[in-house]
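Here the protein sequences come in this chain order: X and F.
All residue numbers for the first sequence refer to this note's numbering, where the first residue is 121 and numbers rise by one.
All residue numbers for the second sequence refer to this note's numbering, where the first residue is 121 and numbers rise by one.
Written below as structure tokens is the structure these notes are about.
Protein chains: 2
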Amino acid sequence: MELLEDRILAEGRYLGNGILKVDGFINHQVDPALMNAAGQEFARLFADVGATKILTAEISGIAPAVYTGQHMRLPVVYARKRKPITMPDQVLLTLAPSHTKGRMVELIVSPEYLAGGEQVLIIDDFLASGATIEGLARLAEIAGAKVVGIGVLIEKTFEGGRDALAHLGVPIHSLAAITSFEGGEIHFD
Amino acid sequence: MELLEDRILAEGRYLGNGILKVDGFINHQVDPALMNAAGQEFARLFADVGATKILTAEISGIAPAVYTGQHMRLPVVYARKRKPITMPDQVLLTLAPSHTKGRMVELIVSPEYLAGGEQVLIIDDFLASGATIEGLARLAEIAGAKVVGIGVLIEKTFEGGRDALAHLGVPIHSLAAITSFEGGEIHFD
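Shown next, in the form of structure tokens:
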């Protein structure tokens, strides 16, 4: 999506160690119009996968996921990283390594909102190693649901996430695919 | 907002101790159409306050804040509860007690995205004691910004948040005001 690529080029900053800072429009400050456009694009890309629910992980997946849900007229579930007191004792839980946190984080979904037979479209901000999305796919599997697609705002193709998720056999779309940070610059596919 | 009150009556569940569970459409599963309607309503209510930025706290404030930002054509900043590695060393930080977590949490904003002279509209999911919103207002103040309004999806009027925030001297709007859980039922204003 050109709109997103242009924004990354204009305002993204490469911090080294594979970390791209997009805090000005995705990860801390959010540009709602951009997220709306991204949601619209995901809705177009995944129009035919038969999704019945959007699944994402808190925190930065929420904005793109909610707009995707709006344009597809689907509810959105965000996996929590801590179990809130409103959640039942019996939950769906898995662990996933967090690249930006350098440790394992829990991904928790209440079985109230992810049920057997659901067709799940996973939306997130980044696809790097694929570990978070793999965790979300495991949650869907535990619930007896089926993953039908994966959409991310930004893919770092050189971190291998797409290959790691290939076994799911579902379409994977990224709106901006970064192939390298060679020379400290951002290079797109 | 009747749409929200109806939804709370139909799907909200009172868990005791003043805790209202709305995990089916706000706090874990999100109904994008409802959040869009809420954002539209906030945009109408705060059309004349001169806001230049929306401020919320992760996690559950993000969806209503982003839609409010979209309808007001304003960027949205969500205060983080942990400092991500993409944030500069020097941040704006305050502590606020979390009702649902039973401990103090940090609210962190990068000075890159909350600057002196900004006119801040605070949006959040709940207004209970007002402690989180008070924390967000402190962050705005430290930044040299000015709070110009406060909007929440659900107010629990009996927890005194509106009075606690009165010293800010700004309009406070809630889309659903719960006056009591007497008899385990949800009573609106």
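Note that beta-carbon positions come from the ideal geometry of N, C-alpha and C, so glycine has one too.
Look at the stretch 214-286 of chain F and you find these whole runs of beta strand (DSSP E), each 3 residues long or longer: 223-229, 239-247, 266-276.
In this structure the stretch 151-160 of chain X does not touch the stretch 207-223 of chain X; the number of beta carbon pairs closer than 8 angstroms is below three. The C-alpha of TYR233/X lies about 24 angstroms from the C-alpha of ARG164/X. Going by C-alpha positions, ILE306/F is about 52 angstroms away from PHE278/X. With 16 or more other CB atoms across the displayed protein chains lying within 10 angstroms of its CB, ARG200/X is buried. Residues of chain F with a Cβ closer than 9 angstroms to the Cβ of ASP143/X are, in chain order, PRO204, THR206, MET207, SER230, GLU232, TYR233. Contact between ILE146/X and LEU273/X holds: CB atoms are separated by about 7 angstroms, below the 8 angstroms threshold. Listed by position along chain X, the residues whose Cβ is nearer than 7 angstroms to that of ALA297/F form an empty set, because the closest Cβ is around 20 angstroms away. Contact between SER249/X and GLY281/X holds: their C-beta atoms lie close to 5 angstroms from each other, under 8 angstroms. Counting C-beta pairs with one atom in each stretch, the stretch 230-245 of chain F and the stretch 170-177 of chain F have three or more that are closer than 8 angstroms, which means they touch. Approximately 5 angstroms separates the beta-carbon atoms of PRO195/F and GLN149/X; this is inside 8 angstroms, confirming the contact. Closest option to GLY144/X, judged by alpha-carbon separation, among TYR198/X, ARG127/X, GLY136/X: ARG127/X.
Near chain X, meaning a CB-to-CB distance below 8 angstroms, no residue of the stretch 254-268 of chain F qualifies. For GLN239/X, no chain F residue has a C-beta closer than 9 angstroms to its own C-beta; the minimum C-beta separation is roughly 16 angstroms. Close CB contacts of GLY304/F within its chain, under the 7 angstroms cut and outside five residues either way in sequence, are with TYR134 (chain order). Our two residues, LYS173/X and ILE270/X, have alpha carbons roughly 12 angstroms apart in a direct line. When DSSP assignments are scanned along the stretch 149-173 of chain F, no uninterrupted stretch of beta strand (DSSP E) that is 3 or more residues long falls wholly within it. Under the Cβ distance rule, VAL197/X counts among the residues neighbouring chain F, one pair being separated by less than 7 angstroms. For THR299/X, the enclosing beta strand (DSSP E) covers residues 292-300.
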